[in-house]
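Notes for the one structure printed next.
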Amino acid sequence: MTKPSAALTMLRRFRGLYQGRHIRFGNQISHAENKTRRAWRPNVHRKEFYSRVLQEPLRFTVTTRALRTIEKVGGIDEYLILTHERDMLGPDLVRLRARIVERVRELRLSENAAST
Numbered sequence: 029m030t031k032p033s034a035a036l037t038m039l040r041r042f043r044g045l046y047q048g049r050h051i052r053f054g055n056q057i058s059h060a061e062n063k064t065r066r067a068w069r070p071n072v073h074r075k076e077f078y079s080r081v082l083q084e085p086l087r088f089t090v091t092t093r094a095l096r097t098i099e100k101v102g103g104i105d106e107y108l109i110l111t112h113e114r115d116m117l118g119p120d121l122v123r124l125r126a127r128i129v130e131r132v133r134e135l136r137l138s139e140n141a142a143s144t
């Protein structure tokens, strides 16, 4: 019997910020040392963030690891800007990142125009 791939069984990862977390597979071992196959799923939560750049709320499915990183870098906008495109799994996240980057560019251009 072949082991199911974590990448194949975790298609929901395209709908959230999982930061490299996937379903892991292994054995549950009883006191009598019977081995039963089981899966460890990532700790996932539905969370709403407010984008200061886009001025709108964004709702994601996130792992606790991603939540800690978002807090560490200073918010959802900074997290999406600093995260490389190849690390974002879902096409929706890549488009959202592009929107944020474009809006930041617009804000900088308007700032420069106002200061000159």
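Numbered according to this note's numbering, the sequence shown spans residues 29 to 144. We treat Cβ as the ideally placed atom computed from N, Cα and C, and that holds for glycine.
Given this structure, state the Cα-to-Cα distance separating residue i from residue j, to the nearest angstrom.
i	j	result
residue 108	residue 125	6 Å
residue 78	residue 106	12 Å
residue 134	residue 91	31 Å
residue 140	residue 102	24 Å
residue 99	residue 46	15 Å
residue 88	residue 113	17 Å
residue 118	residue 137	29 Å
residue 74	residue 95	11 Å
Grab me the residues of residue i's own chain with a C-beta within less than 8 Å of its C-beta, minus the 5 sequence neighbours each way, in chain order.
i	result
residue 63	55, 56 and 57
residue 81	105, 128, 131, 132 and 135
residue 72	44, 46, 89, 90 and 91
residue 143	none
residue 86	76, 77, 78, 79, 104 and 124
Excluding the five sequence neighbours on either side, which residues of its own chain have a C-beta within less than 7 Å of the C-beta of residue i, listed in chain order?
i	result
residue 69	51
residue 116	122 and 125
Where do the N-terminal and C-terminal ends of the alpha helix (DSSP H) with residue i fall, by residue?
i	result
residue 128	119 to 143
residue 106	104 to 110
Where does the unbroken beta strand (DSSP E) through residue i begin, and where does it stop?
i	result
residue 95	Note, residue 95: premise wrong, no beta strand (DSSP E); alpha helix (DSSP H) at 92 to 101.
residue 54	52 to 57
residue 65	63 to 68
residue 76	72 to 79
Cβ of residue i less than 9 Å from any chain D Cβ?
i	result
residue 126	You won't find chain D in this structure, because it holds only one protein chain.
Can you find the residues in the same chain that come closer than 6 Å, C-beta to C-beta, to residue i, ignoring five residues on each side of it along the sequence?
i	result
residue 67	51 and 53
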